[in-house]
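If you're matching positions, the sequence shown starts at 19 in my numbering and goes up one per residue.
Have a look at the structure below before the remarks.
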Amino acid sequence: MILRSCARCCRHFADPRIGVVSAGWYIMPVTDAVFGGEGEQYAAHINVTKALESQVGGVSGGTGMCLAIRHSLYQPFAPGSANDDTTPMLWAVLAGKHAVWDPNAKAYEHASRSFREEFRRRIRIGAGNFQTLARYWRVLLPRYGIAAYTFTSHKAIRWTMPFLMIAILVTSLVFAGN
(Lines of atoms letter the chains of each structure in order from A and count residues from 1; the text may use other names and numbers.)
(Lines give C-alpha, C1' and ligand atoms only; values in the text may rest on other atoms or scores of the structure.)
Protein backbone atom coordinates (compact mmCIF):
# COMPACT_ATOMS: atom_id res chain seq x y z
CA MET A 1 0.00 0.00 0.00
CA ILE A 2 2.80 2.47 0.83
CA LEU A 3 4.39 1.94 -2.60
CA ARG A 4 1.06 2.76 -4.24
CA SER A 5 0.82 5.91 -2.11
CA CYS A 6 4.36 6.98 -2.99
CA ALA A 7 3.66 6.43 -6.69
CA ARG A 8 0.51 8.51 -6.36
CA CYS A 9 2.52 11.32 -4.76
CA CYS A 10 5.09 11.24 -7.57
CA ARG A 11 2.41 11.77 -10.23
CA HIS A 12 2.14 15.37 -9.08
CA PHE A 13 5.64 16.07 -10.40
CA ALA A 14 4.20 16.21 -13.92
CA ASP A 15 3.45 19.81 -12.89
CA PRO A 16 6.81 21.64 -12.77
CA ARG A 17 5.47 24.04 -10.12
CA ILE A 18 5.22 21.21 -7.57
CA GLY A 19 8.27 20.66 -5.37
CA VAL A 20 7.05 18.37 -2.60
CA VAL A 21 4.02 16.10 -2.19
CA SER A 22 2.79 14.59 1.05
CA ALA A 23 0.43 11.68 1.52
CA GLY A 24 -2.61 11.99 3.76
CA TRP A 25 -2.18 10.97 7.39
CA TYR A 26 -4.41 8.31 8.90
CA ILE A 27 -4.46 6.71 12.35
CA MET A 28 -4.95 2.96 12.49
CA PRO A 29 -7.31 2.04 15.31
CA VAL A 30 -5.64 -0.05 18.00
CA THR A 31 -7.75 -1.61 20.74
CA ASP A 32 -5.32 -0.73 23.54
CA ALA A 33 -4.49 2.77 22.24
CA VAL A 34 -4.52 5.67 24.69
CA PHE A 35 -5.78 8.25 22.20
CA GLY A 36 -7.39 6.03 19.56
CA GLY A 37 -10.60 7.90 18.74
CA GLU A 38 -9.18 11.32 19.49
CA GLY A 39 -6.14 10.60 17.32
CA GLU A 40 -8.34 9.58 14.43
CA GLN A 41 -10.42 12.75 14.80
CA TYR A 42 -7.28 14.90 14.94
CA ALA A 43 -5.86 13.18 11.84
CA ALA A 44 -9.15 13.80 10.00
CA HIS A 45 -8.98 17.49 10.99
CA ILE A 46 -5.36 17.72 9.79
CA ASN A 47 -6.26 16.08 6.47
CA VAL A 48 -9.02 18.64 5.85
CA THR A 49 -6.75 21.53 6.84
CA LYS A 50 -3.88 20.31 4.66
CA ALA A 51 -6.18 19.67 1.70
CA LEU A 52 -7.43 23.26 1.93
CA GLU A 53 -3.87 24.59 2.29
CA SER A 54 -2.91 22.54 -0.76
CA GLN A 55 -5.72 24.06 -2.83
CA VAL A 56 -4.31 27.54 -2.23
CA GLY A 57 -0.69 26.45 -2.71
CA GLY A 58 0.67 26.63 0.82
CA VAL A 59 0.88 23.35 2.73
CA SER A 60 2.69 24.00 6.02
CA GLY A 61 3.89 20.47 6.76
CA GLY A 62 3.86 16.94 5.48
CA THR A 63 3.53 13.34 6.53
CA GLY A 64 7.01 12.00 7.25
CA MET A 65 5.87 8.43 6.55
CA CYS A 66 5.21 9.17 2.86
CA LEU A 67 6.70 12.30 1.37
CA ALA A 68 7.92 12.80 -2.21
CA ILE A 69 10.56 15.45 -2.90
CA ARG A 70 11.52 16.69 -6.36
CA HIS A 71 15.10 15.51 -6.90
CA SER A 72 16.42 19.01 -7.68
CA LEU A 73 15.15 20.30 -4.31
CA TYR A 74 16.56 17.58 -2.10
CA GLN A 75 19.35 18.52 0.25
CA PRO A 76 20.81 16.63 3.18
CA PHE A 77 19.11 17.30 6.47
CA ALA A 78 21.15 19.37 8.91
CA PRO A 79 22.78 17.24 11.62
CA GLY A 80 20.40 16.73 14.52
CA SER A 81 17.28 17.58 12.51
CA ALA A 82 14.15 16.46 14.33
CA ASN A 83 11.31 17.24 11.89
CA ASP A 84 11.77 15.49 8.58
CA ASP A 85 8.15 16.09 7.63
CA THR A 86 8.07 19.90 7.65
CA THR A 87 11.56 20.71 6.38
CA PRO A 88 11.09 19.49 2.76
CA MET A 89 7.91 21.53 2.48
CA LEU A 90 9.96 24.59 3.39
CA TRP A 91 12.68 23.68 0.87
CA ALA A 92 9.97 23.81 -1.80
CA VAL A 93 8.62 27.16 -0.64
CA LEU A 94 12.07 28.75 -0.43
CA ALA A 95 12.80 27.48 -3.97
CA GLY A 96 9.59 29.05 -5.30
CA LYS A 97 7.77 25.73 -5.69
CA HIS A 98 4.49 24.49 -4.25
CA ALA A 99 4.07 21.86 -1.58
CA VAL A 100 0.89 19.82 -1.98
CA TRP A 101 -1.09 17.29 0.06
CA ASP A 102 -2.69 14.27 -1.54
CA PRO A 103 -5.20 12.73 0.91
CA ASN A 104 -5.79 9.83 -1.50
CA ALA A 105 -2.16 8.77 -1.12
CA LYS A 106 -2.51 7.27 2.32
CA ALA A 107 0.07 6.86 5.08
CA TYR A 108 -1.02 5.02 8.21
CA GLU A 109 0.26 5.26 11.75
CA HIS A 110 -0.70 3.34 14.88
CA ALA A 111 -2.26 5.31 17.71
CA SER A 112 -0.08 5.68 20.82
CA ARG A 113 -0.39 2.75 23.22
CA SER A 114 0.57 4.65 26.36
CA PHE A 115 0.63 8.16 27.79
CA ARG A 116 4.42 7.87 28.05
CA GLU A 117 4.73 7.02 24.34
CA GLU A 118 2.43 9.90 23.36
CA PHE A 119 4.22 12.32 25.70
CA ARG A 120 7.63 11.42 24.21
CA ARG A 121 6.24 11.81 20.72
CA ARG A 122 4.81 15.24 21.54
CA ILE A 123 8.08 16.38 23.14
CA ARG A 124 10.06 15.25 20.07
CA ILE A 125 7.63 16.99 17.72
CA GLY A 126 7.57 20.17 19.83
CA ALA A 127 11.36 20.39 20.00
CA GLY A 128 11.57 19.79 16.28
CA ASN A 129 9.01 22.50 15.61
CA PHE A 130 11.08 25.13 17.41
CA GLN A 131 14.22 23.89 15.66
CA THR A 132 12.48 24.19 12.28
CA LEU A 133 11.19 27.68 13.09
CA ALA A 134 14.71 28.81 14.07
CA ARG A 135 16.27 27.38 10.89
CA TYR A 136 13.61 28.42 8.38
CA TRP A 137 12.16 31.63 9.83
CA ARG A 138 12.54 33.26 6.39
CA VAL A 139 9.42 31.43 5.19
CA LEU A 140 7.41 33.70 7.53
CA LEU A 141 8.27 36.71 5.35
CA PRO A 142 5.37 38.12 3.29
CA ARG A 143 7.25 37.60 0.02
CA TYR A 144 6.44 33.87 0.33
CA GLY A 145 2.74 34.71 0.03
CA ILE A 146 0.16 32.13 1.02
CA ALA A 147 2.87 29.73 2.21
CA ALA A 148 3.99 32.38 4.73
CA TYR A 149 0.41 32.74 5.90
CA THR A 150 -0.24 29.00 6.29
CA PHE A 151 3.09 28.37 8.00
CA THR A 152 2.48 31.28 10.39
CA SER A 153 -1.12 30.36 11.17
CA HIS A 154 -0.79 26.57 11.30
CA LYS A 155 2.69 26.26 12.77
CA ALA A 156 4.38 29.36 14.22
CA ILE A 157 1.44 30.76 16.18
CA ARG A 158 0.55 27.34 17.56
CA TRP A 159 4.16 26.65 18.59
CA THR A 160 4.53 29.97 20.38
CA MET A 161 1.04 30.02 21.94
CA PRO A 162 2.13 28.68 25.37
CA PHE A 163 4.63 31.53 25.67
CA LEU A 164 2.07 34.08 24.47
CA MET A 165 -0.46 32.81 27.02
CA ILE A 166 2.09 33.13 29.84
CA ALA A 167 2.89 36.67 28.68
CA ILE A 168 -0.84 37.52 28.67
CA LEU A 169 -1.24 36.09 32.18
CA VAL A 170 1.73 38.03 33.55
CA THR A 171 0.58 41.23 31.83
CA SER A 172 -2.95 40.76 33.20
CA LEU A 173 -1.61 40.28 36.73
CA VAL A 174 0.55 43.40 36.44
CA PHE A 175 -2.32 45.55 35.16
CA ALA A 176 -4.83 44.05 37.61
CA GLY A 177 -2.96 45.78 40.42
CA ASN A 178 -3.46 49.22 38.84
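Heads up, the beta-carbon is just placed ideally off N, CA and C, and yes, glycines get one too.
(message) If the criterion is Cβ atoms closer than 7 Å, does the pair M107 and V77 meet it?
(response) yes
(message) What does the alpha-carbon distance come out to for the pair F137 and I143?
(response) 10 Å
(request) Determine the contact status of L158 and T150, defining contact as a CB-CB distance below 7 Å. (result) no
(message) Suppose the cutoff is 8 Å on Cβ atoms and the five residues either side in sequence are ignored; what does the same chain contact list for R139 look like?
(response) S130
(message) Helix, strand or coil for P106? Go by DSSP, reduced to three states.
(response) helix
(message) Just to confirm the assignment: which complete beta strand (DSSP E) runs, minimum length 3, are found wholly within the region 116-143?
(response) 116-128
(message) For a quick check, are the C-beta atoms of A113 and L85 less than 7 Å apart?
(response) no
(request) Note down the Cα distance separating R88 from A62, rounded to an integer number of angstroms. (result) 27 Å
(message) Rounded to the nearest angstrom, what separates F148 and H116 at their Cα positions?
(response) 23 Å
(request) Locate the beta strand (DSSP E) running through A41, then write down its first and last residues. (result) 36-46
(request) Sort G195, T178, N101, W109 by Cα distance to Q93 and report the nearest one. (result) W109
(request) Have a look at V39 and C28 and give me their C-alpha separation to the nearest angstrom. (result) 7 Å
(request) Quick one: grab the DSSP three-state call for L159. (result) coil
(message) Using CA atoms only, rank isn't needed, just tell me which of T81, L21, H128, R156 is closest to N101.
(response) T81
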